[in-house]
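Asks:
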Amino acid sequence: MLVLLYCLIFGFSAQDGGESSSLSGTISEKCVECANAVFRAGWDAAEKAERAESFEYPLRKAAHFSEYACMGILVYILWSQWMRRGWRLYLLTVLWVFFSAAGDEFHQFFVPGRSASFRDVLIDTCGGAFGMLFCIAAGALLRRLGRRRNR
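Take 1194 as the starting number for the sequence shown in the working numbering and just add one per residue.
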């Protein structure tokens, strides 16, 4: 799963600036269309275009966060097979995600129409840390439920 995620991330990063903008623009337009229908807002074409444009940047950052949250989950699960829970496992997971994000941004530096952004590295790392924290919380909840069931 982790290898597939790396392939997905690399594929998105390999898109040139036009392809990447087109994809995120299309998705933000679909989200605005959906919101318009669900909330029966009655936005005209100009309002929809304006909302889609303003929604595109947060959508891109949410995509970064989500991809790397998945990575944080997968890396944490992988390394927890060989390491005990504790600060070393947590640090290894966050550093793994950080260096993966930095490598991804370095790759984007060489793609036409794209640039490297330390802000994206930080967003990605926060996403990975969130994924890891999700695993830690889910594990604690499952252990607690298991103890209650055994009583």
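Where is the CB? At the ideal position from N, CA and C, for every residue including glycine. All values derive from a computational prediction rather than experimental measurement.
1) Decide if V1268 is buried, meaning its Cβ has at least 16 other Cβ atoms within 10 Å, or exposed.
2) How big is the Cα-Cα spacing for F1203 and E1222?
3) Return yes when the Cβ of G1218 is within less than 8 angstroms of the Cβ of E1249, no when it is not.
4) With F1311 as the anchor, note down where its alpha helix (DSSP H) starts and where it stops.
5) Among the candidates G1321, E1246, L1195, whose CA atom is the shortest distance from the CA of L1285?
6) For G1210, which residues of its own chain have a beta-carbon under 8 angstroms away from its beta-carbon, when the five flanking residues on both sides are left out?
7) For the pair the segment 1237 to 1256 and the segment 1284 to 1300, tell me if three or more CB-CB distances fall below 8 angstroms.
8) For M1264, does the three-state DSSP call read helix, strand or coil?
9) Within a Cβ cutoff of 7 angstroms, which residues of the same chain sit near C1319, ignoring the five residues on either side of it in sequence?
10) To the nearest angstrom, how far is the alpha carbon of S1191 from that of G1235?
11) If you scan the segment 1236 to 1308 from start to end, which runs of the alpha helix (DSSP H) of 4 or more residues do you find wholly inside it?
12) Within its chain, find whatever has a CB closer than 7 angstroms to the CB of A1242; leave out the 5 residues flanking it on each side and keep chain order.
13) State buried or exposed for R1244, treating a residue as buried only when at least 16 other CB atoms are found within 10 Å of its CB.
Replies: Once the coordinates are examined:
1) Result: buried.
2) About 24 angstroms.
3) Annotated as proximal: E1249 and G1218, with beta-carbon spacing under 8 angstroms.
4) For F1311, the enclosing alpha helix (DSSP H) stretches over residues 1311 to 1343.
5) Residue G1321 is the option with its Cα nearest to L1285.
6) Answer for G1210: V1304, P1305, G1306, R1307, listed in chain order.
7) With contact defined as three or more Cβ pairs closer than 8 angstroms, the segment 1237 to 1256 and the segment 1284 to 1300 are not in contact.
8) Reduced to three states, the DSSP call for M1264 is helix.
9) F1258.
10) Missing from the structure shown is residue 1191; the chain here goes from 1194 to 1344 and no further.
11) You should have 1238 to 1272, 1280 to 1302.
12) Closer than 7 angstroms at Cβ, skipping near neighbours: no residue.
13) By the beta-carbon neighbour count (other beta carbons within 10 angstroms, threshold 16), R1244 is buried.
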